[in-house]
Amino acid sequence: MSTPAKLPELFGSLVFNEETMKERLSSASYGAWKKCITDGTSLNISTANEIAEAMKQWAVEKGATHYTHWFQPMTGVTAEKHDSFITPVGGGKIIMEFSGKELVRGEPDASSFPSGGLRATFEARGYTAWDPTSFAFIKEDSLCIPTVFCSYSGEALDKKAPLLRSIDEVSRQAVRILRLFGDTETRRVTAQVGPEQEYFLIDKELYNQRKDLRMTGRTLFGAKPPRGQELEDHYFGAIKPRVAAYMKDLDETLWALGVLSKTKHNEVAPSQHEMAPIYSDANTACDHNQLAMEMMKKVADRHNLVCLLHEKPFAGVNGSGKHDNWSLGTDTGKNLFRPGSTPRQNAQFLLFLAAFVKGVDEYQDFLRTTVAFPGNDHRLGAQEAPPAVISIFLGDDLNGVVESIIKGTEFKEAGKRTLQIGIDVLPSIPQDNTDRNRTSPMAFTGNKFEFRMPGSSQSVSGPNIALNTIMAESLSQFADVLEQSKDFQSDLQALIKKAFTEHQRIIFNGNGYDDAWLVEAEKRGLCNLKSTADALPAYVAPKNVELFVKHGIYTKGELQARYEIHVENYSTVVGIEASTMADMIRHDILPAVSGYATDLCGRVDAKETCGFPCKYEKTTAGEVSALTDALLDACDKLESDLAAVPAGAEKAMVYNHEVIIPDMAAARTITDKLETLTASEYWPFPVYADLLFSV
Ligand code: ADP
Ligand code: MG
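Count the sequence shown with the working numbering and you get residues -10 to 684, in order.
Written out as structure tokens, the structure reads:
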């Protein structure tokens, strides 16, 4: 596909966006689509037919030959099933056809996607339905239609359906609150999301020599390189030409797809980079993040690079996260988390803030579980990532306000007695981007929250579904009280004070990496769910089930299904990693180190014949031999433990966490020691220094 020269022409050129729809649809159909977006009405079949026809014409003009319903099954990646537009019309001729029915509903065989027992395979058919709030786009000669994926009984089999439900629900509840503040204009409140995506780029040839990278996406072995992140200042220097070429290509690829990408070269670890898009509505942001992850890999391939999206590709080197920036915006263009300049605006801001604080405290376990999977276990709680304990960072200024509300005491800057919510003005809360707390899992950054726990490889739908829903719950509780209020001003004051008082424990402005914080957090009664195995049960905790069922986001069955999928996935991932490790030890590492020790012994013989000293050869051969046997034992243990994984998904998960993970750590420690002793030419695959400084 040729690339238009100018950015405005390039941007969105592969997207069937609003402008294109306006151009190509009758005003009646365009109006019907628009109404469907703003009022949530459904499309009738004649409108769907017209849209399908216009979409197809547009796509064919752009060179597309196929169409696909593009969806996000619970695996966390995207899936697609391609059908061609081609319909035979006899006489060896074809026409390009695509109907409204095919647009709004497709029927992939759902049996090969995880459903967590929601759908037995004999009734394997699920259906996908166009999500008209997300634009269709062209990718590799296929028209991609973003869709939801459901079973025939209506249960969500994907991540989009519950996301859309949560987007609607938080809007409904937020509008109730806005009405109480006299806002009669806002019709919709939209969760706004800007996910920052971190990734590593390494050389493809080196990648191909590492079985662990190929099989598991991360290195299972690797001693600390002589040079790590210590020289980060140097590293910040010039962008290497190969990386610059990749970033240019990635930006252009994403722009054509309508993704507002701004790639950067700013991460701490060598070879690590970041792509942050300009934020958009949560649904688009989640779709675009999926698309961005896919394109990062594809573009890398074109440059003989490999893009690693794993949370922790290299032990001892910063891992990759996906900071989920989240806020609420009205269709009249207001950000509900921006402190205002009038007392009334501030009262409203404080109510939304209180709702958030209350929600995060009450559902901290659920938020934690939305980021729980094996890759992220290597990251959360490690030095560069937030701890596994959830807390909110407000910054000194806002925290001062909250404290004065709680204590009813003098409020520093303004010099007033007590802060009268709705009567006094707040001091200005700076939008602090440079000096903010980077150790907090949930930081207020002036007009949004930055949830820093999500992992780089994961779909951001799960965390955003949770944020939207817990916010909807707090707001609905507040609205229930305030809608009945006889004295709005004083009930509002009381409500905000109560929420901050009861949930102050979740606010923490100190250093989240400090061990003292973990002790303090425990005193405060906050959850510290250290691993995936600890965190996953929160999916089905009764209070959480109640929350999601109440708001119509997940049914009990859907939550149970998600829980089961994650539990099973944990064991699958650990199982693959452990087998890969054993395979590499037996087939690559043991033979290599044994060869090295043997050769050293040969040299000892040769040297002794000549009467030369051979301390180096002897001691090294001795150390290597001892470690070789220790590694054999560790590998034997890993293999026999792997053969004894108990039946039952939950038992298997706990066993993998408690037995297999420590086995792997033990085998790794020995191997890494061996790596430092073994001559480079004997080591069977590229080491960290090669990989991290390869590009
Ligand atoms: P930093 O690295 O300092 O966190 P970045 O610019 O890399 O900052 O990322 C900030 C992200 O937050 C961007 O994706 C940006 O579009 C997004 N963002 C900014 N304002 C909002 C908002 N009100 N709601 C949601 N996301 C936002
Ligand atoms: Mg950030």
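Ideal Cβ placement from N, Cα and C applies to all residues, glycine included. Bear in mind that the values here come from a model prediction, so they are computed numbers and not experimental data.
Going straight from the alpha carbon of residue i to that of residue j, what length do you get?
i, j, result
"Y224", "V232", "In this prediction, Y224 has a pLDDT of 48, which is less than 50 and means its spatial position is unreliable; what the coordinates show is noted afterwards. Rounded to whole angstroms, Y224 to V232 spans 13 Å at the Cα level."
"F111", "W119", "In this prediction, F111 has a pLDDT of 41, which is less than 50 and means its spatial position is unreliable; what the coordinates show is noted afterwards. Going from the Cα of F111 to the Cα of W119 covers about 25 Å."
"N197", "F189", "15 Å"
"P(-3)", "R291", "25 Å"
"D157", "D320", "13 Å"
"A53", "S2", "13 Å"
"L356", "D270", "20 Å"
"L317", "V449", "16 Å"
"N422", "D385", "Confidence is the limiting factor: at N422 the pLDDT is only 49, short of 50, which leaves the residue's position unreliable, though a coordinate-based value still follows. Cα-Cα distance, rounded: 14 Å."
"F674", "D201", "10 Å"
"K229", "V684", "8 Å"
"A145", "L153", "11 Å"
"K251", "G308", "20 Å"
"T608", "R207", "33 Å"
"L484", "L249", "39 Å"
"E39", "F440", "41 Å"
"I34", "L536", "35 Å"
"S669", "G564", "30 Å"
"L369", "K24", "43 Å"
"T57", "D276", "15 Å"
"A113", "K70", "Confidence at A113 is low in this model, with a pLDDT of 48, below 50, so the placement of that residue is unreliable and no value is reported for it."
"D618", "H367", "28 Å"
"C139", "K662", "50 Å"
"E7", "D28", "16 Å"
"M700", "G322", "What is shown of the chain runs -10 to 684, which leaves residue 700 out entirely."
"E174", "N335", "19 Å"
"S88", "W244", "28 Å"
From which residue to which residue does the beta strand (DSSP E) around residue i run?
i, result
"W59", "H55 to F60"
"T321", "Looking at the DSSP string, T321 is not in any beta strand (DSSP E), and its letter there is neither H nor E."
"K437", "Unbroken run through K437: none, as it is neither H nor E."
"K82", "K82 to M85"
Kindly indicate the opening and closing residues of the alpha helix (DSSP H) around residue i.
i, result
"W506", "D504 to K512"
"F355", "Q353 to T358"
"L518", "Taken as a continuous stretch (DSSP letters only), L518 belongs to no alpha helix (DSSP H), as it is neither H nor E."
"M204", "K200 to T205"
"G384", "Segment: none, G384 is in no alpha helix (DSSP H) and carries neither H nor E."
"A455", "S450 to E472"
"V477", "The question names Val, yet the displayed sequence has Phe at residue 477. Counting along the chain, the alpha helix (DSSP H) containing F477 begins and ends at F477 to H492."
"L92", "G89 to V93"
"N500", "Segment: none, N500 is in no alpha helix (DSSP H) and carries neither H nor E."
"E670", "It is not in any alpha helix (DSSP H) - E670 carries neither H nor E in the DSSP assignment."
"I40", "I34 to E50"
Bridge partners for residue i per DSSP, in chain order?
i, result
"L620", "L620 is not bridged to any residue."
"D577", "According to DSSP, D577 bridges with nothing at all."
"D270", "Q181"
"C590", "Beta-bridge pairing links C590 to no other residue."
"P705", "This structure cannot speak to residue 705, because the chain is shown only from -10 to 684."
"E263", "E187 and K253"
"V534", "Per DSSP, none; premise fails for V534."
"L294", "D192"
"S73", "H55"
"V4", "F126"
"M236", "Answer is none; M236 lacks a bridge partner."
"L542", "Sequence check: residue 542 is Ile here, not Leu. DSSP, once it has assigned bridges, lists no residue as partnering I542."
Tell whether a beta-carbon distance below 9 Å holds between residue i and residue j.
i, j, result
"S155", "I554", "no"
"L339", "I395", "no"
"L666", "V613", "yes"
"T9", "W59", "no"
"P363", "T521", "yes"
"Q61", "S465", "no"
"N517", "L525", "no"
"G348", "M460", "yes"
"I649", "D630", "yes"
"L169", "A488", "no"
"E91", "A41", "yes"
"G305", "N365", "no"
"G183", "P266", "yes"
"V391", "G501", "no"
"I496", "Q353", "no"
"E263", "K253", "yes"
Taking 9 Å as the CB-CB cut-off, is residue i touching chain D?
i, result
"L383", "Among the protein chains of the structure shown there is no chain D, as only one such chain exists."
**Request:** Would you mind listing the beta strand (DSSP E) stretches within the stretch 129 to 158 that are 3+ residues and don't spill past its ends, in chain order?
**Result:** 131 to 140
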